[in-house]
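Quick note: the sequence shown uses the working numbering, first residue 14, plus one each step. We put the beta carbon where it would ideally sit given N, CA and C, even for glycine.
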Amino acid sequence: MTFCGTPTYLAPEVIRGTGYTHSADWWSLGVLIYELLCGTTPFEAISEMKIWRKVVAGVENTSFPEACQGDPGDLIRALLRSEPSQRMPVLPAGLAELQGHRWYRGFDWDLFRDRALRAPYKPKERDLDQGFSAAERAAPPADEPYSDDGSEWDRNFATVDDDGASNGSPHGDHGFHPLQKLFRRGSTMSRDRAGSASSWAALLGAKDSS
Numbered sequence: 014m015t016f017c018g019t020p021t022y023l024a025p026e027v028i029r030g031t032g033y034t035h036s037a038d039w040w041s042l043g044v045l046i047y048e049l050l051c052g053t054t055p056f057e058a059i060s061e062m063k064i065w066r067k068v069v070a071g072v073e074n075t076s077f078p079e080a081c082q083g084d085p086g087d088l089i090r091a092l093l094r095s096e097p098s099q100r101m102p103v104l105p106a107g108l109a110e111l112q113g114h115r116w117y118r119g120f121d122w123d124l125f126r127d128r129a130l131r132a133p134y135k136p137k138e139r140d141l142d143q144g145f146s147a148a149e150r151a152a153p154p155a156d157e158p159y160s161d162d163g164s165e166w167d168r169n170f171a172t173v174d175d176d177g178a179s180n181g182s183p184h185g186d187h188g189f190h191p192l193q194k195l196f197r198r199g200s201t202m203s204r205d206r207a208g209s210a211s212s213w214a215a216l217l218g219a220k221d222s223s
């Protein structure tokens, strides 16, 4: 299984590295609904490790602001059950139960499926024009040729030609610029990070049991 996703949206089984199914997507929907209503995610923290510890601890230990009380809170909790098989849409007839949930009262699922549901807000064309055209007019043409002024202002930039070859800057290390080496290390770190999900899970378990 691939360890991939935004930290605050990861389901506990993804963090633990125990394997996951589409049930993890329903978990993410619960996080999204919470964020849309409250402006923050239910497991927000200052570091990834603290986020994951909150996720593994469960939604029962999360406070729900007033905007997530009542019907929306009931739906969110039904989606954020720690046991994947117990999340509402995964249960027998669970999808129908989700569509009939009180929070969706008045929502026309048939129009939604037919792509005929009217948007609650439709921006005016002049608003769209003001939002994008001005920026487009201010931007230089995409095919504007680059002219080197000889100042070497971009000497420390990491650049690679279209064919993937080095730009020939005199920095050694097989033609890679120091910044490129840093980016390569960062890429390696990302791969290591993806491969160490089980290590994180072990660390989380050690933290919880201490």
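Span of the alpha helix (DSSP H) holding Pro51? Here residue 51 corresponds to residue number 38 of the sequence shown, with the count starting at 1. Just to set this straight, residue 51 is Cys in the shown sequence, not Pro. Note, Cys51: alpha helix (DSSP H), 36-51.
Counted within 10 angstroms of its Cβ, other Cβ atoms place Pro85 as buried (16 or more) or exposed: Here residue 85 refers to the residue found at position 72 of the sequence shown. Result: buried.
Taking its Cβ as the centre, do 16 or more other Cβ atoms sit within 10 Å of Glu26, making it buried, or is it exposed? As a first step, residue 26 is located in the sequence shown; it is residue number 13 there, counting from the start. Glu26 should be labelled buried.
Just to confirm my understanding: we take Ile89, look at its own chain, exclude 5 residues before and 5 after, and list those with CB closer than 7 Å. What are they? In the sequence shown, the residue the question calls residue 89 occupies position 76. Its chain contains Gly43, Ile46, Tyr47, Cys81 as the residues whose beta carbon lies nearer than 7 Å to that of Ile89, once the 5 sequence neighbours on both sides are disregarded; these appear in chain order.
Specify, as a first and last residue, the run of the alpha helix (DSSP H) that Lys135 falls within. Here residue 135 corresponds to residue number 122 of the sequence shown, with the count starting at 1. In the DSSP annotation of this structure, Lys135 is not part of any alpha helix (DSSP H), being labelled neither H nor E.
At what residues does the alpha helix (DSSP H) containing Phe125 begin and finish? Indexing the sequence shown from 1 puts residue 125 at position 112. That run of the alpha helix (DSSP H) goes 122-126.
Backbone CA spacing between Tyr33 and Ser164 [nearest angstrom]: In the sequence shown, the residue the question calls residue 33 occupies position 20. In the sequence shown, the residue the question calls residue 164 occupies position 151. Approximately 54 Å between the Cα atoms of the pair.
Could you check if Ala109 is buried or exposed, using at least 16 other CB atoms within 10 Å of its CB as the buried criterion? As a position in the sequence shown, residue 109 is number 96, starting the count at 1. It counts as exposed.
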